[in-house]
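*Asks:* Numbering (this note's numbering), first residue to last: 2 to 105.
For glycine and all other residues, C-beta sits at the position ideal for the given N, C-alpha and C.
Bear in mind the structure is a predicted one, so any value in this text is a computation, not a measurement.
Before we start, here is the structure in question, set down as structure tokens.
Dropping the structure here:
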């Protein structure tokens, strides 16, 4: 299981664009289930244009994803919204990895 410790952005709401987790978890990963909190709405202010940045929906910290066949991620579990700096370097997509046994 993977628990988000900071909010994460995904182009497809609660999951990555195209529902493809392989860039983080390898090609053998399969999402089994998730416990996802209400979307966290994040915006900001663009100093260069003196205007508001778009309001985006982020998966909140504390959300849990359960996978089979997944490798441990080596980089932040987040995509970057269009026109924004790298989400992982900005502190989004932090996580902890734990095991789970669905057979018990």
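Could you check whether residue 68 and residue 7 sit closer than 8 Å to each other, using their CB atoms as the reference points?
*Replies:* Taking the chain shown and counting its residues from 1, the one referred to as residue 7 is at position 6. Taking the chain shown and counting its residues from 1, the one referred to as residue 68 is at position 67. For residue 7 and residue 68, no; Cβs fall outside 8 Å.
*Asks:* Specify the secondary structure class of residue 20 as computed by DSSP and reduced to three states.
*Replies:* Here residue 20 refers to the residue found at position 19 of the chain shown. Here residue 20 sits in helix by DSSP.
*Asks:* Would you list the residues sitting across from residue 69 in a DSSP beta bridge?
*Replies:* On the chain shown, position 68 is the one that residue 69 refers to. According to DSSP, which records beta bridges pairwise, residue 69 is partnered with 31.
*Asks:* Once DSSP output is grouped into helix, strand and coil, what is the label at residue 56?
*Replies:* Within the chain shown, numbered from 1, the residue matching residue 56 stands at position 55. In this structure, residue 56 counts as coil in the three-state DSSP scheme.
*Asks:* Starting from residue 93, follow its DSSP beta bridges and name the residues at the other end.
*Replies:* Mapped onto the chain shown, residue 93 falls at position 92. According to DSSP, residue 93 bridges with nothing at all.
*Asks:* What residues in its chain sit with their C-beta under 6 Å from that of residue 35, if we drop five residues either side in the sequence?
*Replies:* On the chain shown, residue 35 is found 34 positions in, with the first residue counted as 1. Only 66 meet the Cβ criterion.
*Asks:* Would you kindly report the start and end of the unbroken beta strand (DSSP E) that includes residue 42?
*Replies:* Working through the chain shown from its first residue, we reach residue 42 at position 41. Counting along the chain, the beta strand (DSSP E) containing residue 42 begins and ends at 41-43.
*Asks:* With 16 as the cutoff for other CB atoms within 10 Å, does residue 103 come out buried or exposed?
*Replies:* Along the chain shown, one-based indexing puts residue 103 at 102. Label assigned to residue 103: exposed.
*Asks:* What do you get for residue 60, buried or exposed, if any count of 16 or more other CB atoms within 10 angstroms of its CB means buried?
*Replies:* Here residue 60 refers to the residue found at position 59 of the chain shown. With 16 or more other Cβ atoms from the protein chains shown falling within 10 Å of its own Cβ, residue 60 counts as buried.
*Asks:* Which same chain residues, not among the five before or five after residue 27, have their C-beta less than 6 Å away from its C-beta?
*Replies:* Start at 1 with the first residue of the chain shown, and residue 27 comes out as number 26. Its chain contains 72 as the residues whose beta carbon lies nearer than 6 Å to that of residue 27, once the 5 sequence neighbours on both sides are disregarded; these appear in chain order.
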